[in-house]
Amino acid sequence: MEFIDALNKIFTGNVIAFFGASLAAILSGMGSAKGVGIVGEAAAGVLSEDPGKFGKLLVLQALPGTQGIYGLLIWFMVVVVKGNFLFGNTVLTVEQGWQMFAACLPIMIVGYFSAIAQGRVAAAGVQLVAKRPEEQSKAMVLAAMVETYAIFALLASFLMVFFGVKIG
Amino acid sequence: MTERTTAFRRPAPDTDYAYASSRVRALEARVLDGARMARLSEAQSVDEVVRAMAEAGYPSGEQPEQSLSEGLAAQAALVRDLFPEPGYDEVLLLPQDAHNLKVILKAFLSGQLPDGERFVGDETSALGEGLLAGSGSGDVPGDDLASLPRFADVPTADSLRPYALSPSLEPFQAVYEAVRDRSAGRIHPFLEAAAVAAVRAFAQDPVGSVLDAAVDRLLYDTLSRKVAALGNPWFRDFQAFRVDLLNLGVLLRVLAMGSPAGRLAQELLPGGSLPETAFLRLEGATGEQVADAFRATPLAPLSALAPEYGKPGVAARFGRLADDLLSARVRTGRRVLFGPEILLGYLHAREMEAKNLRLVLTALRNGIRSAQVRDLLRDTTF
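Each protein sequence line maps, in turn, to chains X and S. Number 72 in numbering that gives the first Met the number 0 belongs to position 73 of the first sequence; there are no gaps in the numbering. Number 46 in numbering that gives the first Met the number 0 belongs to position 47 of the second sequence; there are no gaps in the numbering.
Here it is, written out as structure tokens:
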């Protein structure tokens, strides 16, 4: 019983909500870093042979970076807007904390995997542009298709944070 | 020098190849593809070919063939440097070392330079003489380099160097000295073993081709083990298929030349997807029997040429078809985002391109019709 009491003291509603918000920012940021890194390496390979393509490739490299922004957005919604943890003294119940955590899950998981997948598609686009620079727009459309699912996840997290968790 | 790869190891993740693969994709844009080669086959002068070579990234020079060799070597060196994991450079360079070893051994054993010029007055060098005469215990060497008979009347390394290939895993001078001094442990284990195997084979049958075959057998055995150890299934299958193609070529050549019994077993290479027995049981067979034997295998398009092999032009068609079958395998392997397949495929494409350019140059110099050239052009569309 003492152990469970200790756990209850540590894992308060606020702490669980913080975990959710942090993981949303961390995992989607990690995915974006990996995705942007893959495209960056691929772009560097092409630029070694053809430095003139820098502008076209930079756009492709930026695409997998959005998931990191979405993760940070949800972190901001949870910590600043909805929870008002920074400027107020909101106290969440454990149940509310878990609700916040669950609300962060979509962008946490989908953000991580979609950023890596988008990085691979954008890297394929880099290789396409290496051979056919005029096809850059098609390469961007292909990579942007992956973005759809990150946006769905952002929407799901956003709606749950704002309308799924009742505070006060 | 010790072997770099022996046991199977986990291949690097494909993202390790992101930079290398993309750089090679950018380089691929400069390869002369099928359509450009077909146009080039209509060239009226060597200058047109030289211009196309410059566009494809070959260095300029007075001798186009020399520029081709230098350009190809430069591309190969670039790609070898791009591999992010060890082992591939060894697999790609070992054939160069094997060639250099053959140059040295043939000169030591036959008393001839590769261009036929003799550097000793006798019919054979001292070693060759000893081996042929069966003069005592030293006539058939043992299992290591130190057991080789002492070489006498050997040419200098400098006189052989023009026939050597560079770069290689081992410096030419190191191989030359290790073989001359019969000094073990100084060069790659494959080269030591190949030197011993070649001298042993030559002692029993003093023909240059026997020496070549002994080195090649050991080379392909080593290559197949090392390629398998790299852990890339596509490269393993590609290497095995390449050996199958070479073995079919050996079989047809031996049959066409009516070579003595046993020659086929000496020249067949290990490491193919088809066992050597599949070829050995066809010793003395007719062309139709060979075609039937391989009808249900990936070699079917090639074996169909067996009945007419030996007629003028068929060997050249065989060579082109074999290269195109390899290119088809390369195309399959290149359907990955990142990986060694892209780098190896690019090297293959450049080799095919160089073959095509040599063909066009040869045709121009000898007044061969462009239609004939087009029939022999390798597929370089990837």
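Even glycine gets a Cβ: it sits at the ideal position worked out from N, Cα and C.
Which of the three DSSP states, helix, strand or coil, is assigned to residue i?
i, result
"Y308(S)", "strand"
"Q203(S)", "helix"
"Q98(X)", "helix"
"V119(S)", "Confidence is the limiting factor: at V119(S) the pLDDT is only 49, short of 50, which leaves the residue's position unreliable, though a coordinate-based value still follows. Coil."
"I9(X)", "helix"
"Q253(S)", "The sequence as given places Val at residue 253(S); Gln does not occur at that position. Reduced to three states, the DSSP call for V253(S) is helix."
"R185(S)", "coil"
"G33(S)", "helix"
"L263(S)", "helix"
"R334(S)", "coil"
"G133(S)", "Because the pLDDT at G133(S) is just 44, under 50, the model does not fix this residue reliably, and the point stays unresolved."
"Y57(S)", "coil"
"A149(X)", "helix"
"N83(X)", "coil"
"T285(S)", "coil"
"K52(X)", "helix"
"M3(X)", "A small fix is needed here, since residue 3(X) is Ile in this sequence, not Met. If DSSP states are grouped into helix, strand and coil, I3(X) belongs with the helices."
"Q66(X)", "helix"
"S66(S)", "helix"
"T379(S)", "coil"
"Q135(X)", "helix"
"F293(S)", "coil"
"I37(X)", "helix"
"I108(X)", "helix"
Can you check whether the C-beta of residue i is within less than 9 angstroms of a C-beta belonging to chain X?
i, result
"L244(S)", "no"
Any beta carbon of chain S sitting closer than 9 angstroms to that of residue i?
i, result
"A123(X)", "yes"
My understanding is that residue i touches residue j, with C-beta atoms under 8 angstroms, so please give their C-beta distance in whole angstroms.
i, j, result
"M107(X)", "L46(X)", "About 33 angstroms separates the two Cβ atoms, so there is no contact after all."
"R333(S)", "F381(S)", "6 angstroms"
"I15(X)", "G96(X)", "3 angstroms"
"G19(X)", "M76(X)", "Not a contact, Cβ separation roughly 11 angstroms."
"S223(S)", "P269(S)", "7 angstroms"
"E134(X)", "V128(X)", "7 angstroms"
"P85(S)", "D15(S)", "With a Cβ gap of about 12 angstroms, P85(S) and D15(S) do not count as contacting."
- [ ] With 8 angstroms as the limit, tell me which residues of the segment 11-43 of chain S have their beta carbon closer than that to any beta carbon of chain X; keep them in chain order.
- [x] From the segment 11-43 of chain S, only T14, A17, Y18, A19, S20, S21, R22, V23, R24, A25, L26, E27, A28 have a Cβ closer than 8 angstroms to chain X.
Task: Near-chain S residues of the segment 125-150 of chain X - C-beta to any C-beta below 9 angstroms - done: Listed in sequence order: V125, Q126, L127, A129, K130, R131.
Open item on the list: So if I threshold CB-CB distances at 9 angstroms, which residues from the segment 28-53 of chain X count as touching chain S?
Closed with: Taking 9 angstroms as the Cβ-Cβ cut-off against chain S, the residues of the segment 28-53 of chain X that qualify are K33, G36, I37, V38, G39, E40, A41, A42, A43, G44, V45, L46, S47, E48, D49, K52.
Task: the segment 322-345 of chain S: positions lying closer than 7 angstroms to chain X by Cβ - done: Cβ contacts with chain X: L336.
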